[in-house]
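Going line by line, the protein sequences match chains V and W.
Just so we're aligned, residue 443 is where the first sequence starts under my numbering, counting upward by one.
Just so we're aligned, residue 658 is where the second sequence starts under my numbering, counting upward by one.
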Amino acid sequence: MSWITNTLTSTLGRKLSMSLTGLFLVSFLIVHLSGNFLLYKGDGGEAFNLYSNFMSTNGLIRVLEIGLLLGFGIHIWTASILTRMNSAARPIGYAVQKTHEKVSWFSRNMGLSGSIVLFFLIVHLINFWFPYHYQEMPMVDIEGKPYKDMYGLVARIFHDEWWYSVLYLIALLLLGFHLQHGFASAFRTLGLDHKKYNSIIEGIGNIISIILPLGFATMPVYFWFFHTV
Amino acid sequence: MNTMNLTLKIWRQPNTAAKGELKTYSISGINDHMSFLEMMDVLNENLQKKGEDPVVFDHDCREGICGACSLVINGRPHGPQQTTTCQLHMRSFKDGDTIYIEPWRAKAFPVIKDLMVNRSAFDRIQHAGGYVSVNTGSAQDANAIPIGKEIADEAFNSATCIGCGACVAACKNASAMLFVSAKISQLAMLPQGQAERNRRAEGMVAQMDQEGFGACTNTGACEAECPKQISISNIARMNREYLGAKLSSNAV
Numbered sequence: 443m444s445w446i447t448n449t450l451t452s453t454l455g456r457k458l459s460m461s462l463t464g465l466f467l468v469s470f471l472i473v474h475l476s477g478n479f480l481l482y483k484g485d486g487g488e489a490f491n492l493y494s495n496f497m498s499t500n501g502l503i504r505v506l507e508i509g510l511l512l513g514f515g516i517h518i519w520t521a522s523i524l525t526r527m528n529s530a531a532r533p534i535g536y537a538v539q540k541t542h543e544k545v546s547w548f549s550r551n552m553g554l555s556g557s558i559v560l561f562f563l564i565v566h567l568i569n570f571w572f573p574y575h576y577q578e579m580p581m582v583d584i585e586g587k588p589y590k591d592m593y594g595l596v597a598r599i600f601h602d603e604w605w606y607s608v609l610y611l612i613a614l615l616l617l618g619f620h621l622q623h624g625f626a627s628a629f630r631t632l633g634l635d636h637k638k639y640n641s642i643i644e645g646i647g648n649i650i651s652i653i654l655p656l657g658f659a660t661m662p663v664y665f666w667f668f669h670t671v
Numbered sequence: 658m659n660t661m662n663l664t665l666k667i668w669r670q671p672n673t674a675a676k677g678e679l680k681t682y683s684i685s686g687i688n689d690h691m692s693f694l695e696m697m698d699v700l701n702e703n704l705q706k707k708g709e710d711p712v713v714f715d716h717d718c719r720e721g722i723c724g725a726c727s728l729v730i731n732g733r734p735h736g737p738q739q740t741t742t743c744q745l746h747m748r749s750f751k752d753g754d755t756i757y758i759e760p761w762r763a764k765a766f767p768v769i770k771d772l773m774v775n776r777s778a779f780d781r782i783q784h785a786g787g788y789v790s791v792n793t794g795s796a797q798d799a800n801a802i803p804i805g806k807e808i809a810d811e812a813f814n815s816a817t818c819i820g821c822g823a824c825v826a827a828c829k830n831a832s833a834m835l836f837v838s839a840k841i842s843q844l845a846m847l848p849q850g851q852a853e854r855n856r857r858a859e860g861m862v863a864q865m866d867q868e869g870f871g872a873c874t875n876t877g878a879c880e881a882e883c884p885k886q887i888s889i890s891n892i893a894r895m896n897r898e899y900l901g902a903k904l905s906s907n908a909v
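1. What residue range does the beta strand (DSSP E) around Val582(V) cover?
2. Determine the chain W residues that contact Arg526(V) at a beta-carbon separation under 9 Å, and present them in chain order.
3. Would you please verify whether the beta carbon of Val713(W) is less than 8 Å from any beta carbon of chain V?
4. Tell whether a beta-carbon distance below 8 Å holds between Leu617(V) and Pro655(V).
5. Would you identify the three-state DSSP class for Met846(W), choosing helix, strand or coil?
6. So is Gln910(W) buried or exposed if we call it buried at 16+ other beta carbons inside 10 Å?
7. Report the partner residues of His746(W) according to the DSSP bridge assignment.
8. Could you name the residues of the stretch 871–895 of chain W whose beta carbon sits closer than 8 Å to any beta carbon of chain V, in the order they occur along the chain?
9. Can you give the Cα-Cα distance for Leu844(W) and Trp604(V), rounded to whole angstroms?
10. Considering only residues of the same chain and omitting the five flanking positions on each side of Ile687(W), which have a CB-CB separation below 8 Å?
11. Ignore the nearest five residues each way along the sequence and tell me which others in Ser727(W)'s own chain have a CB closer than 6 Å to its CB.
12. Does the beta carbon of Ala521(V) sit closer than 8 Å to a beta carbon anywhere in chain W?
13. May I ask you to verify whether the stretch 739–754 of chain W touches the stretch 785–800 of chain W, counting CB pairs closer than 8 Å and requiring at least 3?
14. Thinking Ala489(V) and Ile558(V) are a contact (beta carbons under 8 Å), I'd like their distance in whole angstroms, please.
15. At least one CB of chain B closer than 8 Å to the CB of Gly464(V): is that the case?
16. Across the stretch 543–560 of chain V and the stretch 875–888 of chain W, are there enough close Cβ pairs to call them in contact, namely three or more that are closer than 8 Å?
17. Using the rule of at least 16 other Cβ atoms within 10 Å of the residue's Cβ for burial, across every protein chain shown, is Ala675(W) buried or exposed?
18. What residues from chain W crowd round Ala531(V), counting only those whose CB sits closer than 8 Å?
19. Skipping 5 residues on each side, what residues in its chain have a beta carbon closer than 8 Å to that of Leu492(V)?
20. Grab me the residues of Phe693(W)'s own chain with a C-beta within less than 6 Å of its C-beta, minus the 5 sequence neighbours each way, in chain order.
21. Kindly indicate which residue of His474(V), Ile564(V) and Ser522(V) has the alpha-carbon position closest to the one of Leu609(V).
22. Where does Leu567(V) land, buried or exposed, given buried means 16+ other C-beta within 10 angstroms?
23. Is the number of C-beta pairs between the stretch 639–649 of chain V and the stretch 595–603 of chain V that are closer than 8 Å three or more?
24. With burial defined as no fewer than 16 other Cβ atoms inside 10 Å of the residue's Cβ, what is the status of Trp666(V): buried or exposed?
25. How about Gly805(W) and Arg776(W): are their beta carbons less than 8 Å apart?
26. Measure from the C-beta of Lys806(W) to each C-beta in chain V and report whether the shortest distance is under 8 Å.
27. Are the stretch 846–854 of chain W and the stretch 754–770 of chain W touching by the rule of at least three beta carbon pairs closer than 8 Å?
28. Does Glu811(W) come within less than 8 Å of chain V when only Cβ atoms are used?
29. Taking only runs that begin and end inside the stretch 762–824 of chain W, name each unbroken beta strand (DSSP E) of 3 or more residues, in chain order.
30. Could you say if the stretch 826–842 of chain W and the stretch 520–538 of chain V meet the contact criterion of at least three C-beta pairs nearer than 8 Å?
31. List, in order along the chain, the chain W residues whose C-beta lies closer than 8 Å to that of Gly535(V)?
32. Going by DSSP, what residue range makes up the alpha helix (DSSP H) through Leu475(V)?
33. Going by DSSP in three states, Ile684(W) sits in which element: helix, strand or coil?
34. Ends of the beta strand (DSSP E) at Pro588(V)?
35. Which residue's Cα is closest to the Cα of Asn648(V): Phe629(V), Gln622(V), Pro662(V) and Gly464(V)?
36. Under DSSP, the alpha helix (DSSP H) around Glu759(W) begins and ends at which residues?
See the structure below:
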């Protein structure tokens with residue numbers, strides 16, 4: 443086992459953890475966004491409530507939820523270790539530092555964008571995940587059976603809590619920049635670098651960094667302007 | 658020819674343990690054909706005439722090939738041009754400019770004095786595997802070992818790394834990965850490097866970590882500042898080499 447721990451605790455091993463968990467979390471975002479589009483079905487939230495019920499009761503999903511928790515945990519924990527290592531590698535900084543124009547600001551500040559997204563994530567869980575699992579929820583009947591009204595909660599929070607929607611949009615913007623650098627960077631860290639595919643990977647990274655946040659951003663906007671509770 | 662008067666803010670530090678500080682110097686009558694290091698020579702002559710301690714900085718060939726010169730000039734390693742400090746000329750500056758001159762900043766590169774840093778961490782990384790240890794005998798006949806032109810060129814490009822450390826100085830994490838990856842790559846791509854390929858990747862990366870360099874964030878600052886235009890594709894190759902070595906070598 444020593445070679446495994448040795449590999450995983452090296453700088454390259456830690457970057458590997460960042461890369462793999464990062465790409466895994468991207469796959470989660472895609473699934474999460476796809477499911478959330480059920481909000482737009484126009485059936486008063488029936489499909490979304492059934493989906494919420496499925497996601498919180500299905501055994502396989504609950505197992506995957508542990509995987510997701512681990513994915514976030516490893517990504518955040520490794521990031522904090524790397525950040526400390528990286529700042530320790532330069533104890534005395536420069537009096538003047540001029541970053542080359544080819545280097546993007548967000549690529550240098552992944553920790554900052556990530557931290558704000560993490561702050562949002564915690565607020566997000568407190569707002570939706572926590573009440574759904576651990577608090578009394580208003581119920582709705584769907585085909586004679588009672589279900590927790592997740593749709594109503596989403597509609598109410600996005601409609602009534604303007605500060606939450608603002609935080610949501612800010613976090614999405616930063617998530618976009620985080621993904622824009624992180625996606626292609628993850629492939630480089632895996633050693634996947636090839637003339638033919640680099641531009642394709644960067645292209646996909648650019649697309650998901652726009653499509654995913656934009657997709658999520660439609661939700662508060664929809665409930666804000668076009669939906670009455 | 659133009660002459661210029663400059664204000665220099667130079668990092669002065671008597672020894673490794675001492676606390677350093679930026680000191681201000683005025684210098685006049687600098688010829689714009691001078692190299693940056695010649696300007697520093699003029700400054701040091703002036704300081705010596707006044708009986709002051711001259712500014713210590715690294716330099717050797719002054720032809721851009723040895724990798725001895727360093728200096729972070731106005732926040733950029735080797736200054737505003739993508740070349741070595743010795744090949745930077747004063748025509749890149751204007752009369753009346755203030756120029757900040759600082760040493761490479763990294764825990765693994767402790768300041769010896771003023772602007773001179775100890776880069777023996779790079780030597781120790783090389784000692785950890787950046788060589789071919791078989792006895793090669795006398796030179797082979799040309800084409801005795803067939804190597805594709807593209808591969809030979811790529812390996813040569815990696816081999817042009819002069820080990821100056823600008824990549825470390827430019828990196829926000831003071832990471833040495835551009836250097837290490839170039840040194841791993843130049844041999845990994847060639848037949849002569851195959852026998853020790855795994856041992857090299859594992860050994861050099863382990864030594865790099867032990868020296869206290871940071872990790873890579875793929876910002877690309879290193880390749881943008883590298884005076885030899887070493888590409889960050891080398892870093893991706895190093896990642897492949899290292900993971901492949903870890904998964905396949907017999908070192909448990």
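Glycine is no exception: its CB is placed at the ideal position from the N, C-alpha and C atoms.
Taking the structure as given:
1. Met581 to Ile584
2. Residues of chain W passing the Cβ test: none, with the nearest at roughly 10 Å.
3. no
4. yes
5. coil
6. Here chain W covers residues 658 to 909 and nothing more, so residue 910(W) does not appear.
7. Ser692(W)
8. Gly871, Ala872, Cys873, Thr874, Asn875, Thr876, Gly877, Ala878, Ala881, Glu882, Ile889, Ser890, Ile892, Ala893, Arg894 and Met895
9. 59 Å
10. Thr660, Met661, Asn662, Leu663, Met696, Val699 and Met747
11. Asp715 and Trp761
12. no
13. no
14. Not quite, the Cβ-Cβ distance comes to about 32 Å (not below 8 Å), so this is no contact.
15. You won't find chain B in this structure, because its protein chains are V and W.
16. yes
17. exposed
18. Ala763, Lys764, Ala765, Asn830, Ala831, Ser832, Gly869, Phe870 and Gly871
19. Ile584 and Tyr589
20. Thr742 and Leu745
21. Ile564(V)
22. exposed
23. no
24. exposed
25. no
26. no
27. no
28. no
29. 768–770
30. yes
31. Arg762
32. Thr453 to Asn478
33. strand
34. Lys587 to Lys590
35. Gln622(V)
36. Glu759(W) -> not in any alpha helix (DSSP H); beta strand (DSSP E) instead, spanning Thr755 to Glu759.
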